[in-house]
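Note sheet for the following structure.
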Amino acid sequence: MKKWLSMLLSLCLLLISAGALCEGATAEVDMSEPLDIEVMAYFVMDVPADDAIVQALNEKFNVTITPTITNIDNYAQTLSMRIASGDLPDWFRVNDQAVFGQLVEDNMLLNVTQYADKYGFENIKAQCALPNANMLANDGVFYRIPDTTGGLNPGIYIRQDWMDELGLEQPKTWEDFREVLEVFVEKDPDGQGTTGWTTYGTWILDLFSTSWTGYFGWATSDGQMMNMYVDPNYKEAIKFWAGLYADKLLDPEVMVNSYEQAMQKMATGRAGAFSMNLSTVWWSNNVSNLAQYDPEAKMGALIPLPEGPKGALLGRPLGFSADSAFNGDMDETHAARMLAIMDYLLSDEGREFTLYGIEGQHHEVVDGKKVQKTDVLNKEWGQLQHLFGELADFGSNDMLAEDQEVIDWYNWVADPANVRYDMTTYMYDEEAVTINAELSEIRNNYLVSFITGEMDIDEKWDEYTQAMNDAGLPRLGEIVAEYCADMGVELPVAG
455 MKKWLSMLLS LCLLLISAGA LCEGATAEVD MSEPLDIEVM AYFVMDVPAD DAIVQALNEK
515 FNVTITPTIT NIDNYAQTLS MRIASGDLPD WFRVNDQAVF GQLVEDNMLL NVTQYADKYG
575 FENIKAQCAL PNANMLANDG VFYRIPDTTG GLNPGIYIRQ DWMDELGLEQ PKTWEDFREV
635 LEVFVEKDPD GQGTTGWTTY GTWILDLFST SWTGYFGWAT SDGQMMNMYV DPNYKEAIKF
695 WAGLYADKLL DPEVMVNSYE QAMQKMATGR AGAFSMNLST VWWSNNVSNL AQYDPEAKMG
755 ALIPLPEGPK GALLGRPLGF SADSAFNGDM DETHAARMLA IMDYLLSDEG REFTLYGIEG
815 QHHEVVDGKK VQKTDVLNKE WGQLQHLFGE LADFGSNDML AEDQEVIDWY NWVADPANVR
875 YDMTTYMYDE EAVTINAELS EIRNNYLVSF ITGEMDIDEK WDEYTQAMND AGLPRLGEIV
935 AEYCADMGVE LPVAG
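Letter by letter, the sequence shown follows residues 455 to 949 of my numbering.
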């Protein structure tokens, strides 16, 4: 009898132990049957089916990946057509918050959170736990995987050889920067009729205007909602840009330049300073372009940014862009396999693979360190990061940084004290979309007129702010306030 009781007790303990193990266990991804996966994205060039990285992923996960690639200008329209026809790709980029919001409302997207928990996709979980990534969730559930932008932010490139030749010091304030531009234009070191500072569009100036407002997007003022674009401090920023424009220190074609045209001006001595994304890829391109024009020329960068009344600050959206989403209308085997690929791409091994590729083909090992074959990558990938690295985590290309200026910029942007985020980047509301479209048109029309001097900003500021209010800015503020309350966002205080 005692022996029987002892055996029964042992069996109970085993069952209890097994239950405890099962409670924390994760499901295993079924890799047994081959699967087809369509990945739709925009990219710098077509990705052929026999691409070496795609083939390696096919073999590793027993799949056949078909990349459907468009250029960025056509992507939104192409995706909308696919959605309208009921032919949603398996895996696709989301670069329009309104489209994403509608897909969530229509229950058309895969519940990433559910699968990550069930199958233990720890790298996906870690990506969703990044600072501010919670803003991409819907009621705590992720229907997309955040794709970081890393240090991809517009900075200020400058002709360092001109600075050295003219005995100029790094400008600490925007007024100092203005004085540097004045000397550039007066001395015109390359004899090309330099314009001073060039860029493409006023949106970049808005990012730098944060040095006047102290925030980017929305704030509160005396308990009321305040939008940056009607803040009196933003008015002072516009006055500064208008002053540069009037004195021919800001490119007169700033409103109509493409980024290629602005790059060309910087590369040919027609501009002494230039603003665009300051990243490994773009730094390399701009330095290379300048060297072709003048091998003795030297590129520099303003780090930190010049100080305004509120300090040296950069405005930016939340640090995510073009996130991956997945068709919700697929069986569990298909969904789990696809997310297993993404989980791998987000691992250290996966990130390194999509940056350096295959040894001998895409990189060499020099002194124990992987070195990209840039000529091969530019030909095969069109850039220094493969499509699947860009899809999983664009910001991982920061790992390639070797130029000190780029490293210093990444470190500066990574410091929260230097950056002000627009916390409403991922807000979705149909009424807000409509209001924002009208506000954007009004703002752009007035802003161009203010900067070019067509309108006197002091005379027309009240007219401008009234037009913004009449177009629904107060109502938009109410929607934003509700959103921030729901998401637990505490807005900064204006002024």
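A virtual CB, placed ideally from N, CA and C, is assigned to each residue, including glycine.
Buried or exposed: residue i, going by 16 or more other Cβ atoms within 10 Å of its Cβ?
i: Asn577; result: buried
i: Glu828; result: Checking the displayed sequence, the identity of residue 828 turns out to be Thr instead of Glu. Exposed, since its Cβ has fewer than 16 Cβ neighbours within 10 Å.
i: Pro763; result: exposed
i: Ala939; result: exposed
i: Thr653; result: buried
i: Met535; result: exposed
i: Thr602; result: buried
i: Thr888; result: exposed
i: Ser675; result: exposed
i: Ser742; result: exposed
i: Leu475; result: Caution is warranted here: a pLDDT of 36 is assigned to Leu475, below 50, making its placement in the model unreliable, and the coordinate value is therefore given only provisionally. Result: exposed.
i: Asn740; result: buried
i: Ala583; result: exposed
i: Gly677; result: exposed
i: Val820; result: exposed
i: Ala420; result: In the structure displayed, the chain extends from 455 to 949; residue 420 sits before or after that span and is not available.
i: Lys833; result: exposed
Taking 8 Å as the cut-off, decide whether the C-beta atoms of residue i and residue j are in contact.
i: Ile610; j: Ala755; result: yes
i: Gly737; j: Glu844; result: Correcting the residue type first, residue 737 is Trp in the shown sequence and not Gly. Their beta carbons are not under 8 Å apart, which means Trp737 does not touch Glu844 by this criterion.
i: Phe670; j: Leu759; result: no
i: Val634; j: Leu768; result: no
i: Ile757; j: Trp616; result: no
i: Leu809; j: Ser775; result: no
i: Tyr747; j: Met730; result: no
i: Val735; j: Leu838; result: yes
i: Thr520; j: Glu492; result: yes
i: Ala846; j: Phe546; result: no
i: Thr522; j: Met494; result: yes
i: Gly726; j: Ile905; result: no
i: Val867; j: Gly605; result: yes
i: Lys752; j: Gln614; result: yes
Taking the C-alpha atoms as reference points, what is the distance between residue i and residue j?
i: Phe497; j: Tyr529; result: 10 Å
i: Val639; j: Thr649; result: 6 Å
i: Met853; j: Asn865; result: 12 Å
i: Ala891; j: Asp593; result: 26 Å
i: Leu563; j: Asp883; result: 18 Å
i: Glu856; j: Arg791; result: 35 Å
i: Ala716; j: Phe728; result: 7 Å
i: Glu895; j: Gly621; result: 43 Å
i: Gly822; j: Gly540; result: 50 Å
i: Tyr597; j: Val684; result: 34 Å
i: Arg897; j: Pro686; result: 14 Å
i: Met680; j: Met922; result: 12 Å
i: Ala721; j: Gln815; result: 32 Å
i: Met485; j: Gly811; result: 24 Å
i: Glu690; j: Met709; result: 19 Å
i: Pro749; j: Leu831; result: 24 Å
i: Ala871; j: Ser665; result: 12 Å
i: Trp628; j: Thr667; result: 14 Å
i: Thr798; j: Pro488; result: It should be pointed out that residue 798 corresponds to Tyr in this sequence rather than to Thr. C-alpha separation (whole angstroms): 18 Å.
i: Pro625; j: Phe515; result: 53 Å
i: Glu761; j: Tyr688; result: 15 Å
i: Leu930; j: Gln646; result: 47 Å
i: Glu913; j: Met682; result: 19 Å
i: Ile933; j: Thr787; result: 40 Å
Under the assumption that residue i contacts residue j (Cβ atoms under 8 Å), give the Cβ distance between them as a whole number of angstroms.
i: Ser590; j: Asp777; result: What sits at residue 590 in the sequence shown is Leu, not Ser. Right, the Cβ-Cβ distance comes to about 7 Å (below 8 Å), so this counts as a contact.
i: Tyr573; j: Val501; result: With a Cβ gap of about 27 Å, Tyr573 and Val501 do not count as contacting.
i: Glu619; j: Pro600; result: That belief does not hold up - the Cβ atoms of Glu619 and Pro600 are roughly 45 Å apart, past 8 Å.
i: Trp651; j: Asp701; result: Not a contact, Cβ separation roughly 11 Å.
Nearest to residue i by alpha carbon, out of the options?
i: Ile507; options: Leu635, Gly726, Phe774, His840; result: His840
i: Ile537; options: Asp910, Ala716, Val553, Asn899; result: Val553
i: Asn525; options: Ser539, Lys514, Val517, Asn549; result: Asn549
i: Ser733; options: Asn607, Arg770, Gly804, Thr664; result: Asn607
i: Gly907; options: Leu620, Ser665, Gly697, Pro502; result: Gly697
i: Leu800; options: Met720, Gly769, Ala580; result: Ala580
i: Gly555; options: Leu893, Ala886, Asn923, Gln624; result: Ala886
i: Asp504; options: Ile905, Leu893, Thr518; result: Thr518
i: Glu917; options: Glu932, Tyr900, Gly931; result: Tyr900
i: Leu703; options: Arg724, Glu690, Val710; result: Arg724
i: Gly782; options: Pro488, Val566, Trp672, Ile905; result: Val566
i: Asp544; options: Tyr798, Lys914, Ala789, Gly811; result: Ala789
i: Arg770; options: Ala570, Leu584, Gly836, Thr878; result: Thr878
i: Leu893; options: Asp869, Asp924, Phe904, Ile911; result: Asp924
i: Ile692; options: Tyr875, Trp657, Glu818, Leu533; result: Trp657
i: Arg632; options: Phe575, Pro585, Tyr699, Ala673; result: Tyr699
i: Leu659; options: Trp695, Glu636, Val825; result: Trp695
i: Asp876; options: Ala673, Ala481, Gln718; result: Ala673
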